[in-house]
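In UniProt numbering, the protein residues as written are 1 to 694.
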């Protein structure tokens with residue numbers, strides 16, 4: 001599939017503009033659109049995104065004020081964005097709408113046209129109720145749509161149609177993205193990038209929203225029938241609300257400080273390179289010492305996290321004592337025996353009457369015939385014999401259930417966990433404490449040495465002071481983020497436990513009023529969605545790791561360093577060299593981090609199996625010179641269309657010559673002012689060709 005036409009009307013600086021693209025071939029898949037900054041390059045990218053996805057596409061736009069999942073804020077940001085998107089001269093000329101038309105062509109040369117029209121009043125205020133979406137299919141332009149559906153149902157129909165026939169918006173940022181934003185994303189922790197990528201690939205954000213909506217629905221439905229309310233459920237729901245509130249607060253704090261941490265690390269890297277440029281000697285030693293400081297800080301944080309994890313889990317349980325643990329294991333084993341005994345007895349009881357009926361029928365053939373009293377005595381004897389099969393219960397069978405919330409698999413897991421605690425010994429904990437203390441001593445000595453290191457160039461003292469300050473700020477934020485992640489993980493586990501308990505209680509309400517029954521069934525479905533989400537991410541890890549390795553080796557400048565990218569079931573990432581050493585133990589440059597992120601984007605788009613074109617604004621972003629050619633050469637190897645929106649400082653000169661044989665068509669955006677209104681137009685050509693003609 002490829003984009004064959006883009007048409008804009010009264011969108012940003014474009015009064016009218018049309019871009020036409022040929023079908024890509026095996027050797028030519030690149031469309032190159034050039035524009036200096038401020039001429040309308042990014043406006044074109046925004047038109048493609050919002051033309052396809054409408055309001056759902058707003059989070060993909062870098063200069064949009066929106067930065068979260070709240071629907072109300074998204075609607076407000078969408079309105080504000082569109083009111084700035086209407087061409088400034090449109091309303092004065094009596095034109096109160098703007099539109100984007102996108103024509104896609106599939107492998108069978110069948111076109112699919114999407115046209116989205118936004119309407120405004122005479123003052124340029126957006127009218128959301130009048131937004132139009134039209135879809136035409138085939139060469140006859142047969143209109144397809146939701147019929148008489150209105151409002152949210154109509155919007156959802158178009159969203160589902162576009163997701164099925166083109167691309168779901170949860171995958172959009174792996175096919176349409178701003179290269180400048182890749183550098184920001186690259187500063188996020190690698191495991192967080194991978195998890196977000198796989199979740200987007202599988203549409204998990206939609207599933208999580210579904211589970212959340214189902215639980216909200218269940219809560220409302222259950223409250224419709226207060227006379228069948230259950231205090232246990234109310235208490236669980238209140239506890240879940242409190243846990244969710246705490247989780248959201250910590251998640252907001254995490255989202256708040258993560259960009260700040262990325263900025264501080266970028267400043268530190270820049271300052272470190274600047275100090276390194278002052279020469280060798282003591283300055284080289286200073287740089288080496290700061291590298292060692294970062295390594296010690298990382299080791300201390302990992303040790304503390306490991307110790308905290310032990311104290312929260314293993315040590316706390318181990319302190320309960322061997323006798324209590326053995327008693328619990330014995331009790332759980334007895335309850336397992338009872339569960340199996342009850343299951344067998346219940347299954348046997350269900351067949352008892354059939355057995356008695358068979359015995360009764362068999363006595364009819366006895367000659368001489370038995371009297372009714374004899375037959376009754378035989379049947380009573382058969383019943384008694386049947387009952388003795390199940391009584392008394394087995395010797396190790398529990399009298400009742402103290403832990404009815406556990407099934408057989410969960411009991412086995414608890415017993416295995418308790419067995420593991422028997423092997424936990426003090427030497428392992430002491431060794432961990434000694435390691436932390438040793439690293440803290442080494443860090444303190446190293447920091448003292450740094451303060452004694454003399455400057456070797458002008459201004460180095462102030463820069464060194466700022467670098468030391470940065471290290472302190474980064475260390476504090478790193479520790480806070482680590483603590484937040486652990487707390488969020490613990491809260492998430494507690495929330496899941498509350499959801500599981502609510503789902504189990506649903507079975508007790510199966511005969512309740514219809515509204516309550518629907519509520520409880522909604523909880524069961526939400527729990528099923530939780531299980532799907534938990535199993536979905538690990539199912540794609542191997543494919544993503546393999547595709548990332550291939551893409552990374554294609555783009556990286558130092559191809560001999562990273563032999564393989566490995567990802568475990570928790571999405572933790574290792575960049576392994578030929579000796580199996582994880583290169584993440586050494587600080588990666590900004591360019592190497594961006595290549596990792598570019599490889600993830602490439603892997604997700606590849607594994608998704610979607611033959612959708614890739615649209616990249618500012619494709620080389622903040623990439624260093626070493627990696628620019630690698631990224632470009634990787635893009636030309638894609639099987640599908642790639643549209644690059646470039647400034648006059650990116651895909652030009654040697655970079656243009658690198659991909660020139662693969663370029664199908666080129667456009668250059670021109671800009672001029674008519675009075676105080678800017679006007680952008682698109683013409684065939686490119687920067688260097690225009691300069692040559694001049």
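The beta carbon of each residue, even a glycine, is placed where N, CA and C say it ideally should be.
| field | Proximal residues to residue 614 (C-beta, below 8 Å), its chain only, five neighbours per side dropped | value | The residue you call residue 614 lines up with position 614 of the chain shown. Here the set comprises 175, 176, 605, 635, 638, 640, 641, 642 and 643.
| query | Would you call the CB atoms of residue 409 and residue 332 closer than 8 Å? | reply | Here residue 409 is taken as the residue at index 409 of the chain shown, counted from 1. Here residue 332 is taken as the residue at index 332 of the chain shown, counted from 1. Their beta carbons are not under 8 Å apart, which means residue 409 does not touch residue 332 by this criterion.
| query | Within the chosen definition, does the region 4-15 reach the region 103-117 through at least 3 CB pairs nearer than 8 Å? | reply | yes
| Per DSSP, cross-strand counterpart(s) of residue 538 | Translated into the one-based positions of the chain shown, residue 538 becomes position 538. DSSP, once it has assigned bridges, lists no residue as partnering residue 538.
| said: Considering only their Cβ atoms, is the gap separating residue 471 from residue 677 smaller than 8 Å? | reply: Within the chain shown, residue 677 is the residue found at index 677, counting from 1. Within the chain shown, residue 471 is the residue found at index 471, counting from 1. No.
| said: Using 8 Å as the threshold, is the C-beta distance between residue 382 and residue 359 below it? | reply: As a position in the chain shown, residue 382 is number 382, starting the count at 1. As a position in the chain shown, residue 359 is number 359, starting the count at 1. A contact, by the Cβ cut-off of 8 Å.
| query | Where are the beta strand (DSSP E) runs, 3 residues long or more, that stay fully inside the region 74-113, in chain order? | reply | 97-105
| Cβ-based neighbour list, residue 297, same chain, cut-off 6 Å, excluding 5 preceding and 5 following | Residue numbering aside, residue 297 sits at position 297 when the chain shown is read from its first letter. So the qualifying residues of the chain are 475.
| request: Kindly indicate which three-state DSSP category residue 435 falls into: helix, strand or coil? | output: Here the question's residue 435 lines up with position 435 in the chain shown. The answer is helix: DSSP assigns residue 435 an H, G or I state.
| query | With DSSP run on the structure shown, which of helix, strand or coil describes residue 362? | reply | The count along the chain shown starts at 1 and reaches residue 362 at position 362. Reduced to three states, the DSSP call for residue 362 is helix.
| Would you say the region 484-503 touches the region 234-254, given that touching needs at least three Cβ pairs under 8 Å? | yes
| task | For residue 210, I'd like the list of residues in its chain whose CB is within less than 7 Å of its CB, leaving aside the five on either flank, ordered along the chain. | result | Indexing the chain shown from 1 puts residue 210 at position 210. Cβ neighbours of residue 210 beyond the five flanking positions: 529.
| said: I'd like the list of long-range same chain contacts for residue 532, defined as Cβ closer than 8 Å, with 5 residues on each side in sequence excluded. | reply: Taking the chain shown and counting its residues from 1, the one referred to as residue 532 is at position 532. Only 207 meet the Cβ criterion.
| said: For residue 128 and residue 79, which I take to be in contact (beta-carbon distance under 8 Å), what is that distance rounded to the nearest angstrom? | reply: Position 128 of the chain shown, counted from the start, is the residue given in the question as residue 128. Position 79 of the chain shown, counted from the start, is the residue given in the question as residue 79. The Cβ separation is near 7 Å, so the contact holds.
| request: Using 10 angstroms around the beta-carbon of residue 702, count the other beta-carbons present and answer buried if the total reaches 16, otherwise exposed. | output: With the chain running from 1 to 694 in the structure shown, residue 702 is simply not present.
| field | residue 609 beta carbon less than 8 Å from that of residue 555 | value | Here residue 555 is taken as the residue at index 555 of the chain shown, counted from 1. Here residue 609 is taken as the residue at index 609 of the chain shown, counted from 1. Going by C-beta atoms, residue 555 is not nearer than 8 Å to residue 609.
| query | With a CB to CB cut of under 6 Å and the five nearest residues on each side skipped, what residues in its chain are close to residue 547? | reply | Residue mapping note: residue 547 aligns to position 547 of the chain shown, counting from 1. Same-chain partners within the cutoff: 603, 606 and 607.
| request: Count the other CB atoms, across all protein chains shown, that sit within 10 Å of the CB of residue 50; report buried if there are 16 or more and exposed otherwise. | output: Residue numbering aside, residue 50 sits at position 50 when the chain shown is read from its first letter. Classification for residue 50: buried.
| Exposure label - residue 416; buried when at least 16 CB within 10 Å | Working through the chain shown from its first residue, we reach residue 416 at position 416. It is exposed - the Cβ of residue 416 has fewer than 16 other Cβ atoms within 10 Å.
| said: Let's see if you can read the secondary structure: which residues bound the alpha helix (DSSP H) around residue 388? | reply: On the chain shown, residue 388 is found 388 positions in, with the first residue counted as 1. From DSSP, the alpha helix (DSSP H) with residue 388 extends over 372-388.
| Which residue's Cα is closest to the Cα of residue 139: 109, 161 and 404? | Residue 139 sits at position 139 when you count from the first residue of the chain shown. Residue 139 has its Cα closest to that of 109, out of 109, 161 and 404.
| With C-beta atoms as the reference, is residue 9 less than 8 Å away from residue 99? | Looking up residue 9 in the chain shown gives position 9. Looking up residue 99 in the chain shown gives position 99. Result yes, Cβ atoms of residue 9 and residue 99 sit closer than 8 Å.
| said: Taking its Cβ as the centre, do 16 or more other Cβ atoms sit within 10 Å of residue 168, making it buried, or is it exposed? | reply: Residue mapping note: residue 168 aligns to position 168 of the chain shown, counting from 1. When all chains shown are included, residue 168 counts as buried.
| task | Mind listing, in chain order, the continuous beta strand (DSSP E) runs of no fewer than 3 residues lying wholly within the region 592-623? | result | 614-617
| query | For residue 279, is the classification buried or exposed, using 16 other Cβ atoms within 10 angstroms of its Cβ as the cut-off for buried? | reply | Position 279 of the chain shown, counted from the first residue, corresponds to residue 279. Interpretation of residue 279 is limited by its pLDDT of 48, a score under 50 that renders its predicted location unreliable; no figure is taken from the coordinates.
| message | Applying the 10 Å Cβ sphere with the 16-neighbour rule, what's the burial state of residue 405? | response | On the chain shown, position 405 is the one that residue 405 refers to. That one is exposed.
| If you check the beta carbons only, do residue 322 and residue 525 fall under 8 Å apart? | Within the chain shown, numbered from 1, the residue matching residue 322 stands at position 322. Within the chain shown, numbered from 1, the residue matching residue 525 stands at position 525. Result no, Cβ atoms of residue 322 and residue 525 do not sit closer than 8 Å.
| said: Among 447, 134, 592 and 328, whose alpha-carbon lies nearest the alpha-carbon of residue 289? | reply: What you label residue 289 is simply residue 289 of the chain shown in a count that begins at 1. Ranking the options by Cα distance to residue 289, first place goes to 447.
| field | Own chain partners of residue 412 with C-beta closer than 7 Å, once the 5 adjacent residues on each side are dropped | value | In the chain shown, the residue the question calls residue 412 occupies position 412. Closer than 7 Å at the Cβ level, and outside the excluded window around residue 412, lies no residue.
| field | Close beta carbons around residue 665, own chain, < 7 Å, minus the five adjacent residues each side | value | To locate residue 665, count along the chain shown from 1; it is residue 665. Within the same chain, residue 665 has close Cβ partners 21, 22 and 31.
| request: Would you mind working out which of 111, 15, 179 and 250 sits nearest residue 622, comparing C-alpha positions? | output: The sequence position of residue 622 within the chain shown is 622, counting from 1. Answer by Cα proximity: 179.
| field | Presumed contact (8 Å Cβ cut-off) between residue 269 and residue 463, rounded CB distance | value | Along the chain shown, one-based indexing puts residue 269 at 269. Along the chain shown, one-based indexing puts residue 463 at 463. At roughly 13 Å, the Cβ-Cβ gap does not stay under 8 Å, so residue 269 and residue 463 are not in contact.
| query | How big is the Cα-Cα spacing for residue 457 and residue 655? | reply | As a first step, residue 457 is located in the chain shown; it is residue number 457 there, counting from the start. As a first step, residue 655 is located in the chain shown; it is residue number 655 there, counting from the start. The pLDDT assigned to residue 457 is 43, lower than 50, so where the model puts this residue is not dependable; a value taken from the coordinates is nonetheless given after this. Taking the straight line joining both Cα atoms gives about 36 Å.
| query | Since residue 654 is in the alpha helix (DSSP H), which residue starts that stretch and which ends it? | reply | Residue 654 sits at position 654 when you count from the first residue of the chain shown. Taken as a continuous stretch (DSSP letters only), the alpha helix (DSSP H) holding residue 654 covers 654-659.
| query | What are the complete alpha helix (DSSP H) segments, minimum 4 residues, inside the region 126-208? | reply | 151-165, 179-186 and 190-202
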